[in-house]
Structure formats: C-alpha cells, structure tokens
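Enquirer:
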Amino acid sequence: MINERLPKIWYGGDYNPEQWDQEIWIEDNRMFKLAGIDVATVNVFAWAIIQPSENEYDFSSLDQTIDRLYQDGIYVCLATSTAAHPAWMAKRYPDIRRVDFEGRKRKFGGRHNSCPNSPTLLKYAPRLAGKLAERYHNHPAVVAWHVSNEYWGYCYCDNCEKAFRVWLKNRYGTIEAVNKAWNTAFWGHTFYDWDEIVTPNILSEEWEGGRNTNFQGISLDYRRFQSDSLLENFKLERDRIKKYTKDVPVTTNLMGLYDELDYFKWGKEMDVVSWDNYPSIDTPVSMTAMTHDLMRGLKSGLPFMLMEQTPSQQNWQAYNALKRPGVMRLWSYQAVAHGADTVMFFQLRRSIGATEKYHGAVIEHVGHEHTRVFKECAALGKELNLLGDKVIGSRIKAKVAIMFDWENRWAIGLSSGPSVALDYVKEVHKFYDAFYKLNIPVDMISVEEELNHYDIVIAPVLYMVKEGVADRLKTFTKNGGTFITTFFSGIVNESDLVTLGGYPGELRELVGIWAEEIDALEPSIKNEMVMVDRYGALSGTYTCSTLFDLIHSEGADVLATYGSDFYAGMPVLTKNRYGAGAAYYIASSPDQVFVDAFAQTLKDEQKLASILESDQGVEVVAREKNGKRFIFVLNHNDKEANFKTDNKKYLNILTNNTYQGDSTIPGREVFILEEIN
Ligand code: GLA
Ligand code: ZN
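Numbering (our numbering), first residue to last: 3 to 679.
What follows is the structure, encoded as structure tokens:
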C-alpha cells in the first residue's frame with residue numbers, strides 16, 4: 003500500500019492554487035469533494051514563490067493550502083518545486099542555467115532548466131526539500147512526496163564536463179581503461195589526461211541533436227552520466243526528506259518510454275514508481291498497456307502511481323482531440339488493471355494563462371460542475387470510493403517476460419549503421435502486442451531481473467549484452483525456459499565494443515547459430531519467411547524487413563528460410579534445444595502476422611492460459627491478492643463486444659452484475675470481475 007492513511011485508489015492530481023485568488027480556493031474544495039477527489043499534488047512549480055530571494059523562505063500560502071485541503075478531507079502529494087528555478091537565481095547564479103546541445107548558454111526560461119551539476123542547484127534544491135520536509139513531515143495531510151517533476155534533458159556546460167571526468171574516473175579508474183572502452187585508437191583519439199575529455203555534442207562528436215555520434219562509447223557514457231546526474235539530484239532531495247520522514251513514500255513522476263533516462267536505475271531509488279500517461283492520438287492502446295507494465299517492472303512488479311493523465315485533452319500535441327465520453331474512465335482503469343494504485347490528473351483546475359491554458363482539467367474555464375468532463379470525473383471518483391481497498395496492493399502474475407533495456411536502446415539508436423529504420427521500441431512492442439491480444443499477461447523486465455519464475459523470456463534486438471546476462475539466459479534456458487531473441491543481437495558489450503568471433507557473440511552457443519552478415523534494406527523492401535513445415539500456428543509464408551541476418555545453423559533446427567534475394571534458402575527462424583529448454587532466433591524483423599502466430603504457437607506449446615477469451619479490442623488483465631483475482635475487462639471498441647468466462651460465475655464488482663460463459667460488454671465499458679462460488 004502506498005500509504006495506509008489512504009487505503010483506496012487515490013484520486014486527484016496537480017493543483018496550482020498559487021495561480022488563483024483566494025475566493026477560488028473555497029470553490030475548488032467544494033468541487034473536489036463533489037468529484038470524489040482525495041489527493042491534491044501541490045507545490046509543483048512554486049520555487050520562486052516560496053523562496054523570493056537568497057535566504058528568504060515564505061511558506062505561508064503553502065501552509066494555508068495544505069491546511070485548507072486537509073480540513074476538507076483532501077490529502078496532499080507534496081512536491082518540492084525544484085523542476086523550475088526562480089528567475090532571480092538564474093540571474094545571480096548563471097551556473098544553474100544549462101548549456102544546450104549546440105553549446106549555447108541558456109537564459110532564464112522554461113522549466114526542467116537547471117544544470118544537474120550546478121553548485122547552485124546542488125545547494126538550493128536539497129535545501130528547499132529539507133525545509134519542506136522539516137515543516138510538513140508531521141502534517142497529517144501529506145501522504146506522498148513528489149520530488150521535482152519529470153526530470154528531463156541533458157546539459158553540456160563546463161561543470162558537467164568536469165563532473166563527467168570525475169564520473170569516468172569512478173567508472174574506469176584509469177585513463178587507459180577509458181581509452182580501451184572507447185576504442186580511442188580509432189581516429190587518433192587517444193587521451194593522455196582527463197582534462198582532454200570533453201562533452202559530446204555538436205561542438206565535438208555528435209550531430210543531429212545527438213542522434214549521431216562518431217564515438218558510441220563516449221556518447222553512451224555521457225547518457226549514463228547525465229541520467230546519473232539527474233538521478234543524483236533526485237537522491238539528494240529524497241535523502242533530505244528521509245531525514246525527517248521514514249514512512250511517507252518519496253517518488254518523482256517519470257514519463258514512460260522517455261528515452262534519455264535509464265528508468266530501471268531510477269526505479270531502484272524510488273519508494274514507489276509514478277508516471278505520467280499522455281498517449282498521442284496514434285498511440286496503440288497496447289503500447290500504453292506495455293508502458294504501464296514497463297513502469298511496473300521498474301520495481302519488479304510493485305504497484306505504481308498514475309501521477310498524471312489529462313481528464314480530457316492535451317495541449318502540446320499537434321491535434322489535441324478530446325477524450326471521447328467514457329475514454330477517461332476506460333484509460334484510468336487500464337492503468338489500474340496494469341498495477342496503478344492511483345488515478346491522478348494534470349490538472350485539477352485549468353489555468354488562464356501561458357502554455358497550458360488549453361490543457362484539460364477537472365474544472366474547466368467555465369468554472370462550474372455542469373460539464374461533461376467534470377461529470378465523468380465525478381462519476382469515476384464515486385466509483386473509486388466504492389471500490390475502497392479492494393484491488394490496491396494486488397499484483398499481476400505473468401509467465402512471459404519481455405526484456406527492455408535503456409542502454410541497449412541508446413546503443414541501437416547511436417549505432418551508425420546498419421539501418422536508421424531500426425526502432426527498438428517498435429520491435430519490443432510487436433512481441434508485447436501479440437501476447438496482449440491473446441490476453442496473456444506480460445512482465446516488462448530489466449536485463450538484471452530474476453528469470454526463474456518465467457516460462458518464456460523474450461529479448462528483442464538484444465544488441466548490447468551486458469556482463470553476466472548471457473550466462474543467466476543460458477541458465478534459464480538450460481533449466482527448461484524458452485528464450486527468444488532476434489536479429490542484431492549479441493553484437494556488443496556494455497562499452498559498445500563488438501564481441502569478436504562471430505555474431506551473435508555471447509548468445510551464439512545458446513541460440514546455436516552464426517550470423518555471418520547483416521543486410522539492411524530500405525524498409526519498404528520485404529523478404530519472406532518461408533516455413534519449412536507447419537510449426538504450431540505458423541505455416542506458409544510471412545514477410546520480414548529492415549535487417550536480415552544471414553545465418554548458419556550450428557545445431558539449431560531451421561523452422562523457416564528466406565524466400566528471396568541471394569540468401570534465399572538460408573535460415574530466418576531457428577530453434578535450438580538447450581538443456582531442458584529451447585532458444586529461438588528470428589533473423590529479420592518479422593511482420594506482426596508472424597509474431598502473432600508465433601505467440602499463439604508458444605501459447606499452445608507451453609499451455610499458457612489466456613485470462614479470458616475476448617473479441618479484438620477487448621483487453622483483459624488480472625490482478626491478484628490474498629488468493630483473490632480481479633479480472634479487468636476493458637472494451638476499447640466504441641461498440642459492444644464479446645468475451646467468455648470459464649464455467650465459473652463472476653461478479654462485476656463495479657455494478658454487482660454477474661457473468662458466466664458467453665457475455666457481452668458495451669463499448670468503452672469496464673468490468674472488474676471477481677469469481678464467486
Ligand atoms: C507533464 C507535466 C505537467 C504538465 C503536463 C501537460 O506531464 O508534468 O506539469 O505540463 O505534462 O500535459
Ligand atoms: Zn551542466
């Protein structure tokens with residue numbers, strides 16, 4: 003449970019009373035209560051108000067806000083306000099301002115704008131967190147701490163450069179080891195002194211905003227270093243807070259598939275993971291599902307917080323469609339189904355000025371409760387109240403795991419060849435989507451995660467194989483597990499240095515193949531995967547594209563071969579028996595039809611259970627606790643659809659209707675089914 007003081011699914015979101023006059027505040031509370039809101043995230047962007055100058059702190063308005071909310075039974079997720087520094091600080095202490103990728107010193111402006119290695123930030127941000135904790139740690143309203151906001155972006159200033167050298171010293175010990183890791187004999191880059199090392203940006207090794215680099219080793223380490231620097235910022239604030247409070251969890255809101263931070267490292271440092279869900283208009287619902295599962299995976303499956311979502315529309319997309327009636331509720335429950343114990347919004351009241359005034363809110367500009375959005379929010383608030391503590395703390399049990407790794411993602415993105423079309427997230431999603439459609443739960447795991455409770459582990463495009471990972475995969479497979487990997491795997495180590503002796507390097511023995519060459523074609527050019535025989539649900543021909551490993555079997559069974567080009571007849575799908583298990587290699591980027599049939603084959607072979615059978619677009623996820631299972635049935639279609647339970651009888655705990663066998667669910671409706679005897 004996130005906090006025993008509020009033993010239900012938390013409901014609320016970002017609240018900025020500092021943007022409003024007093025008479026509105028009373029009205030806010032009235033409307034919050036009407037909407038069933040019980041948590042307000044406050045003080046997210048108020049550093050300049052709380053600290054008007056060097057040694058002056060003014061908590062009077064925050065005192066009032068917290069007291070006023072609490073009097074009305076609304077708890078507080080207390081933010082530390084450090085995601086945007088005050089203008090006076092930027093003026094007096096230029097070191098707090100970032101230097102951007104182009105090497106330009108930023109002026110004051112925007113947010114997430116502080117250099118993570120700025121002495122000024124390192125002094126004042128933790129100091130503010132400490133003062134807040136000192137003042138409010140005993141306040142009964144405070145149920146969670148929210149450090150900064152959406153840590154974001156890199157800095158390339160001189161302080162970062164110096165700190166980078168220190169970080170490198172800690173990682174490598176000697177300059178010789180750095181030279182080795184970065185292969186600096188290439189292009190005569192040998193470094194003799196730490197001071198010769200500079201930040202990689204447009205002025206040195208990178209171009210196209212950092213999408214390209216001359217030295218993958220340098221660029222990878224800079225990403226690790228910047229991610230660590232920001233994480234260090236988080237930890238400094240967290241530790242100040244922890245000095246005063248042990249029981250109230252500390253978090254910071256992450257951004258799902260955001261590229262620049264290694265969230266698996268971050269998850270370890272957070273008491274509870276929280277994240278902000280803003281799907282674009284073309285984001286598949288299964289991508290959102292995957293992202294929820296990834297966020298849950300950051301802490302090995304513990305429930306997380308949905309810290310933000312919009313009640314209606316966003317403002318920063320190109321086209322900010324309204325959430326259709328029912329969609330806000332549907333997506334809220336989707337988050338809960340995947341492990342969220344909170345449903346929170348940005349924002350509770352829509353601001354009147356600046357860039358987010360057209361961003362959705364529980365309370366719209368009209369200011370009253372007679373709006374579609376408010377009514378939908380209030381209906382959900384009521385429902386979550388009735389749900390009480392039923393599902394919170396419950397867990398998802400998966401037999402299938404998909405590995406995801408940020409450093410691998412960076413390395414693939416920076417690889418310079420063989421193809422710019424390779425999209426790691428999309429390749430991962432293909433596999434996720436296939437199991438999603440079968441209503442088979444999946445855990446999104448780090449490469450470090452314990453594997454032995456899984457039947458199947460899939461590591462799409464495991465380009466970078468970190469130390470120990472190959473051995474753990476071998477042990478997993480030897481003990482009866484099924485391992486699946488794809489083209490362009492096993493190529494480099496943690497420093498992006500190629501493993502010699504033939505691809506896929508450290509995975510070669512496990513998958514029982516050798517990849518001699520890798521072809522890369524313009525993505526509209528397809529090859530075929532021709533099944534040698536029917537294999538489970540796989541038969542006939544599928545298409546594949548993008549990258550094509552030219553592989554030779556070294557003991558693996560050949561299940562499919564390429565249909566065309568000069569490598570027609572060479573293997574494209576293989577299965578290698580390994581100990582009590584098996585390892586598959588998919589040598590090219592397969593179409594979704596193949597991946598779907600492959601997942602179906604694995605399902606049949608391994609007798610994996612679908613939670614329920616359902617029509618397309620009806621998502622089914624289950625959470626369990628104390629021997630009880632809650633089956634979420636989420637109809638993403640706008641029309642009625644079908645699903646089918648086993649022979650047992652189920653109660654929809656949201657309505658008390660019962661279901662057995664063939665059943666229907668209205669469009670955009672959500673059921674939470676519990677088995678009854
Ligand atoms: C992010 C931020 C919020 C707000 C929303 C708008 O998630 O954390 O402060 O800007 O986006 O979508
Ligand atoms: Zn900097």
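Ideal Cβ placement from N, Cα and C applies to all residues, glycine included. It should be emphasised that the depicted structure is a prediction, and the values quoted were computed from it without experimental measurement.
For I613, collect the residues of the same chain with a Cβ closer than 8 Å to its Cβ; drop the 5 residues on either side in sequence, then sort them by chain order.
Expert: Looking up residue 613 in the sequence shown gives position 611. Only N441, I442, P443, V622, V623, A624 and I633 meet the Cβ criterion.
Enquirer: Can N115 and H87 be called in contact, C-beta distance under 8 Å?
Expert: Locating residue 115 in the sequence shown gives position 113, counting from the first residue. Locating residue 87 in the sequence shown gives position 85, counting from the first residue. In this structure, N115 places its C-beta atom within 8 Å of the C-beta atom of H87.
Enquirer: On a CA-only basis, which of I667, E676 and N679 is nearest L332? Give me that one, please.
Expert: Indexing the sequence shown from 1 puts residue 332 at position 330. The shortest Cα separation from L332 among I667, E676 and N679 belongs to I667.
Enquirer: Classify K468 as helix, strand or coil using the three-state DSSP reduction.
Expert: Against the sequence shown, residue 468 aligns to sequence position 466. The answer is coil: DSSP assigns K468 none of H, G, I, E or B.
Enquirer: Tell me the rounded alpha-carbon separation between G542 and M531.
Expert: Counting from 1 along the sequence shown, the entry for residue 542 is found at position 540. Counting from 1 along the sequence shown, the entry for residue 531 is found at position 529. Distance between the alpha carbons of G542 and M531: 8 Å.
Enquirer: Excluding the 5 residues flanking D567 on each side, which residues of the same chain have their C-beta closer than 7 Å to its C-beta?
Expert: By one-based count along the sequence shown, residue 567 stands at place 565. Beyond the five residues adjoining it in sequence on each side, D567 comes within less than 7 Å, by CB distance, of N529 in the same chain, given in chain order.
Enquirer: Bridge partners for S616 per DSSP, in chain order?
Expert: Taking the sequence shown and counting its residues from 1, the one referred to as residue 616 is at position 614. For S616, which the question treats as bridged, DSSP gives the partners F645.
Enquirer: Would the beta-carbon of M309 fall within 8 Å of that of N387?
Expert: For this step, residue 309 is matched to residue 307 along the sequence shown. For this step, residue 387 is matched to residue 385 along the sequence shown. No.
Enquirer: Taking all protein chains shown into account, decide if V590 is buried (16 or more other Cβ within 10 angstroms of its Cβ) or exposed.
Expert: In the sequence shown, the residue the question calls residue 590 occupies position 588. Note that residue 590 corresponds to Ser in the displayed sequence, not to Val. Buried is the call here.
Enquirer: Are the beta-carbon atoms of G483 and V500 separated by less than 8 Å?
Expert: Working through the sequence shown from its first residue, we reach residue 483 at position 481. Working through the sequence shown from its first residue, we reach residue 500 at position 498. Not a contact, by the Cβ cut-off of 8 Å.
Enquirer: Pull up the CB-CB distance for E366 and V375, whole angstroms please, since I reckon it's below 8 Å.
Expert: Indexing the sequence shown from 1 puts residue 366 at position 364. Indexing the sequence shown from 1 puts residue 375 at position 373. The C-beta distance from E366 to V375 rounds to 6 Å, short enough to fall under 8 Å.
Enquirer: Where does the unbroken alpha helix (DSSP H) through D30 begin, and where does it stop?
Expert: The residue given as residue 30 occupies position 28 in the sequence shown. Q24 to L36 is the span of the alpha helix (DSSP H), which, as asked, contains D30.
Enquirer: In the DSSP output, what is S231 paired with across the bridge?
Expert: In the sequence shown, the residue the question calls residue 231 occupies position 229. S231 is not bridged to any residue.
Enquirer: Taking I4 and A146 to be in contact with their CB atoms under 8 Å, please state how far apart those CB atoms are, rounded to whole angstroms.
Expert: Residue numbering aside, residue 4 sits at position 2 when the sequence shown is read from its first letter. Residue numbering aside, residue 146 sits at position 144 when the sequence shown is read from its first letter. That pair is a contact at about 7 Å.
Enquirer: Please specify which runs of the alpha helix (DSSP H), each continuous and at least 4 residues long, are wholly inside the segment 100-156, giving them in chain order.
Expert: 121-138
Enquirer: For T488, which residues from the same chain have a beta carbon less than 6 Å from its beta carbon, with the 5 sequence-adjacent residues on both sides left out?
Expert: Position 486 of the sequence shown, counted from the first residue, corresponds to residue 488. Taken in chain order, the residues that qualify are P462, V463 and I588.
Enquirer: So, at 6 Å on beta carbons, what are the nonlocal neighbours of P167 in its own chain, with the 5 sequence-adjacent residues on each side left out?
Expert: Taking the first residue of the sequence shown as position 1, residue 167 is located at position 165. In the sequence on display, residue 167 carries Arg and not Pro. Excluding positions up to five away in sequence, the list reads W196 and I199.
Enquirer: Which runs of the alpha helix (DSSP H), 4 residues or longer, sit entirely within the segment 420-466?
Expert: 426-439
Enquirer: Could you pull out every unbroken alpha helix (DSSP H) segment of at least 4 residues lying fully inside the segment 204-252, listed in chain order?
Expert: 218-246
Enquirer: Write down every uninterrupted run of the alpha helix (DSSP H) in the segment 467-541 whose length is 4 residues or greater and which is fully enclosed by it, in chain order.
Expert: 471-480 and 510-513
Enquirer: Taking only three categories from DSSP, how would you classify L552?
Expert: Residue numbering aside, residue 552 sits at position 550 when the sequence shown is read from its first letter. L552 falls in the strand class under three-state DSSP.
Enquirer: Just checking R100 against the ligand ZN - is the residue's beta carbon closer than 7 Å to any of the ligand's heavy atoms?
Expert: Residue 100 sits at position 98 when you count from the first residue of the sequence shown. Under cutoff, so the answer is yes.
Enquirer: DSSP puts T344 in a beta bridge; with which residues?
Expert: Start at 1 with the first residue of the sequence shown, and residue 344 comes out as number 342. Paired residue(s): W12.
Enquirer: Could you check if F188 is buried or exposed, using at least 16 other CB atoms within 10 Å of its CB as the buried criterion?
Expert: In the sequence shown, residue 188 corresponds to position 186, counting from 1. Looking at its Cβ environment, which holds fewer than 16 other Cβ atoms inside 10 Å, F188 is exposed.
Enquirer: Quick one: what's G583 bridged to in DSSP?
Expert: As a working note, residue 583 is residue 581 in the sequence shown. Y580.
Enquirer: Going straight from the alpha carbon of Y77 to that of E378, what length do you get?
Expert: On the sequence shown, residue 77 is found 75 positions in, with the first residue counted as 1. On the sequence shown, residue 378 is found 376 positions in, with the first residue counted as 1. Rounded to whole angstroms, the gap between the alpha carbons of Y77 and E378 is 21 Å.
Enquirer: With hydrogens ignored, establish whether the beta-carbon of S541 is closer than 7 Å to any heavy atom of the ligand ZN.
Expert: Here residue 541 refers to the residue found at position 539 when the sequence shown is read from its first residue. No, since every heavy atom of the ligand ZN falls outside the 7 Å radius drawn around the Cβ of S541.
Enquirer: Rounded to the nearest angstrom, how far is the Cβ of V467 from that of E508, given a contact under 8 Å?
Expert: For the purposes of this step, residue 467 is taken as residue 465 along the sequence shown, with counting starting at 1. For the purposes of this step, residue 508 is taken as residue 506 along the sequence shown, with counting starting at 1. Between V467 and E508, the beta carbon gap of about 5 Å places them in contact (Cβ cut-off 8 Å).
Enquirer: In the DSSP assignment, find the unbroken alpha helix (DSSP H) run with T290 in it and report its ends.
Expert: Position 288 of the sequence shown, counted from the first residue, corresponds to residue 290. Start and end: V287 to G299.
Enquirer: Please classify L80 as buried or exposed, where buried requires at least 16 other C-beta atoms within 10 Å of its C-beta.
Expert: Locating residue 80 in the sequence shown gives position 78, where the first residue counts as 1. By the neighbour-count definition (other C-beta atoms within 10 Å, threshold 16), L80 is a buried residue.
Enquirer: Is the number of C-beta pairs between the segment 210-217 and the segment 264-276 that are closer than 8 Å three or more?
Expert: Under the 8 Å Cβ criterion, the segment 210-217 does not count as touching the segment 264-276, having fewer than three qualifying pairs.
Enquirer: Using the Cα positions of A337 and K432, report the straight-line distance between them to the nearest angstrom.
Expert: Numbered from 1 along the sequence shown, position 335 holds the residue referred to as residue 337. Numbered from 1 along the sequence shown, position 430 holds the residue referred to as residue 432. Taking the straight line joining both Cα atoms gives about 20 Å.
Enquirer: What residues in its chain sit with their C-beta under 8 Å from that of V329, if we drop five residues either side in the sequence?
Expert: Here residue 329 corresponds to residue number 327 of the sequence shown, with the count starting at 1. Excluding residues within five positions, the ones whose Cβ falls inside 8 Å are R670.
Enquirer: Could you check what DSSP says for K627 in three-state terms: helix, strand or coil?
Expert: One-based indexing of the sequence shown puts residue 627 at position 625. Here K627 sits in strand by DSSP.
Enquirer: On a Cα-Cα basis, can you pick out the residue from D617, L610, T176 and R631 that is closest to A339?
Expert: Reading the sequence shown from its first residue, position 337 is the one you call residue 339. The shortest C-alpha separation from A339 is found at R631.
Enquirer: Among the residues of its own chain, which have a CB less than 6 Å from the CB of Y174, if the five just before and after it don't count?
Expert: Residue 174 sits at position 172 when you count from the first residue of the sequence shown. Cβ neighbours of Y174 beyond the five flanking positions: V180.
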